[in-house]
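Participant: So the sequence shown is numbered by numbering that gives the first Met the number 0: it starts at 0 and just counts up by one.
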Amino acid sequence: MPELPEVESLAEFLREHAVGRTVASVDVVAFQALKTVAPPVSSLGGVTVTGVRRHGKFLDLDCDGVHFITHLARGGWLRWRADLSGAKPVRPGKGPLAVRVRLAADEDGREPGFELTEAGTQKRLAVYIVKNPDEVPGIAGLGPDPLAPDFTPESLKRLVGGSRTQIKGLLRDQKVIAGIGNAYSDEVLHAARMSPFKIASSLTGEQIADLHEAIVITLRDAVDRSRGLAAKDLKTEKKSGLRVHGRTGQTCDVCGDTIREVSFADSSLQYCPTCQTGGKPLADRRLSRLLK
Numbered sequence: 000m001p002e003l004p005e006v007e008s009l010a011e012f013l014r015e016h017a018v019g020r021t022v023a024s025v026d027v028v029a030f031q032a033l034k035t036v037a038p039p040v041s042s043l044g045g046v047t048v049t050g051v052r053r054h055g056k057f058l059d060l061d062c063d064g065v066h067f068i069t070h071l072a073r074g075g076w077l078r079w080r081a082d083l084s085g086a087k088p089v090r091p092g093k094g095p096l097a098v099r100v101r102l103a104a105d106e107d108g109r110e111p112g113f114e115l116t117e118a119g120t121q122k123r124l125a126v127y128i129v130k131n132p133d134e135v136p137g138i139a140g141l142g143p144d145p146l147a148p149d150f151t152p153e154s155l156k157r158l159v160g161g162s163r164t165q166i167k168g169l170l171r172d173q174k175v176i177a178g179i180g181n182a183y184s185d186e187v188l189h190a191a192r193m194s195p196f197k198i199a200s201s202l203t204g205e206q207i208a209d210l211h212e213a214i215v216i217t218l219r220d221a222v223d224r225s226r227g228l229a230a231k232d233l234k235t236e237k238k239s240g241l242r243v244h245g246r247t248g249q250t251c252d253v254c255g256d257t258i259r260e261v262s263f264a265d266s267s268l269q270y271c272p273t274c275q276t277g278g279k280p281l282a283d284r285r286l287s288r289l290l291k
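1. Quick check on this structure: which residue in S262, G92, T257, D149 has the alpha carbon closest to the alpha carbon of K122?
2. Rounded to whole angstroms, what's the CA-CA distance from F30 to A97? Just pull it up for me.
3. Candidates C274, I214, L141, V89: which alpha carbon is nearest P4's?
4. Where S262 and G161 are concerned, what is the direct C-alpha to C-alpha distance, given to the nearest angstrom?
5. Enumerate in chain order the residues of its own chain whose CB-to-CB distance from L218 is below 7 Å, with the five nearest sequence positions on each side excluded.
6. Excluding the five sequence neighbours on either side, which residues of its own chain have a C-beta within less than 7 Å of the C-beta of P195, listed in chain order?
7. Measure the C-alpha to C-alpha separation of S287 and Q206 and round it to an integer number of angstroms.
8. In terms of residues, what are the limits of the beta strand (DSSP E) holding E180?
9. At the level of alpha carbons, what is the spacing between I176 and P95?
10. Would you tell me roughly how many angstroms separate the C-alpha atoms of G311 and E212, rounded to the nearest one?
11. My output table needs one value for I258: the three-state DSSP class, helix, strand or coil.
12. Do the CB positions of G50 and D61 come within less than 7 Å of each other?
13. Straight-line CA distance for V243 to G278?
14. Just the C-alpha distance for H66 and C251, rounded to the nearest angstrom, thanks.
15. Once DSSP output is grouped into helix, strand and coil, what is the label at Q269?
16. Taking contact to mean at least 3 C-beta pairs separated by less than 8 Å, is the segment 100–107 in contact with the segment 121–138?
17. Keeping to the same chain, check which residues put their C-beta closer than 7 Å to that of K234; ignore five residues upstream and five downstream.
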């Protein structure tokens, strides 16, 4: 799933390549992806892309006051196309294409644009056409952005205070902190040398400060590594920069221990026992506790 760093990089890419261009057409192929009916998709035709921003994991193209907002979910992605003039007409079907946004032709006759695609059978990619981003339920309920200046150790302390949630789950809760998902929560906790099953309210002031630093540095480093890359290269960059997530059985670059995994019904987490759990492996079952 694209998380904050990838979505931020996509936003930067679109600011460079789409802002100032006129939308020629928006074709919705996967009708279940469109979550709104007013304004209609056709209202985007002929308007100019005036800005691009990110809200957590949501990507927002401001088209002169009408917002084209997408959440790529687990299997979604954005593919930039330098020229769509020769692209075949879109037809609903079983393929990965969900939405095609075609921009007006440039001086060379090329019609740039992008396509939203979604792999797999769980079709969760979502598109919203709204006048105000807060009309999107997922955006209206977002917690603070961890890269915003007002995200401080003190604000993090208020967020974790009194919560009996395991810290891994709290970091992934978009209503608590916006933009962190499964992969970067693993990375943050490894950087903070913290067990994913530690109860949030049990964190000391020093641990909260360390966690805050790990959140900000991990996400900023990921954004910096992705800056300037083409959209098609972001997935590879993300994978190459991860220290524990998706590296079960490999060696921890920090201490040399073997990275382990805890599997759940629809996801898994990775961690380093030496760095995070005092050398003790976590039981690989839901609601795990440290093995005695």
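Glycine included, C-beta positions come from ideal geometry on N, C-alpha and C.
Facilitator: In brief:
1. The count along the sequence shown starts at 1 and reaches residue 122 at position 123. Here the closest residue by C-alpha is G92.
2. Residue 30 sits at position 31 when you count from the first residue of the sequence shown. Residue 97 sits at position 98 when you count from the first residue of the sequence shown. In a straight line, the C-alpha of F30 is about 8 Å away from that of A97.
3. Counted from its first residue, the sequence shown places residue 4 at position 5. Closest by alpha carbon: I214.
4. Within the sequence shown, numbered from 1, the residue matching residue 262 stands at position 263. Within the sequence shown, numbered from 1, the residue matching residue 161 stands at position 162. If I take the Cα positions, the gap works out to 27 Å.
5. As a working note, residue 218 is residue 219 in the sequence shown. Counting only Cβ-Cβ distances below 7 Å, and skipping sequence neighbours, we find L3, P4, P145, L146, Y183.
6. Here residue 195 corresponds to residue number 196 of the sequence shown, with the count starting at 1. So the qualifying residues of the chain are Q165, I166, K167, L188, L268, Y270.
7. By one-based count along the sequence shown, residue 287 stands at place 288. By one-based count along the sequence shown, residue 206 stands at place 207. Residue placement at S287 cannot be trusted, given a pLDDT of 43 that sits under 50; what the coordinates show is reported in the next sentence. About 22 Å.
8. As a working mapping, residue 180 is identified with position 181 in the sequence shown. Checking the sequence, you will find Gly at residue 180 rather than Glu. Careful: G180 lies outside any beta strand (DSSP E) and carries neither H nor E.
9. Position 177 of the sequence shown, counted from the start, is the residue given in the question as residue 176. Position 96 of the sequence shown, counted from the start, is the residue given in the question as residue 95. I176 and P95: Cα-Cα distance of roughly 30 Å.
10. Outside the displayed span of the chain (0 to 291) sits residue 311, for which this structure offers no information.
11. Residue mapping note: residue 258 aligns to position 259 of the sequence shown, counting from 1. DSSP places I258 in the coil class of the three-state scheme, outside both helix and strand.
12. Sequence index remark: in the sequence shown, residue 50 carries index 51 (1-based). Sequence index remark: in the sequence shown, residue 61 carries index 62 (1-based). A contact, by the Cβ cut-off of 7 Å.
13. On the sequence shown, position 244 is the one that residue 243 refers to. On the sequence shown, position 279 is the one that residue 278 refers to. Their backbone Cα atoms lie some 15 Å apart in a straight line.
14. Along the sequence shown, read from residue 1 onward, the residue named residue 66 stands at position 67. Along the sequence shown, read from residue 1 onward, the residue named residue 251 stands at position 252. Distance between the alpha carbons of H66 and C251 is about 43 Å.
15. Taking the first residue of the sequence shown as position 1, residue 269 is located at position 270. In this structure, Q269 counts as strand in the three-state DSSP scheme.
16. no
17. The residue you call residue 234 lines up with position 235 of the sequence shown. If we look at K234 and ignore the five residues flanking it on each side, it has no Cβ neighbours.
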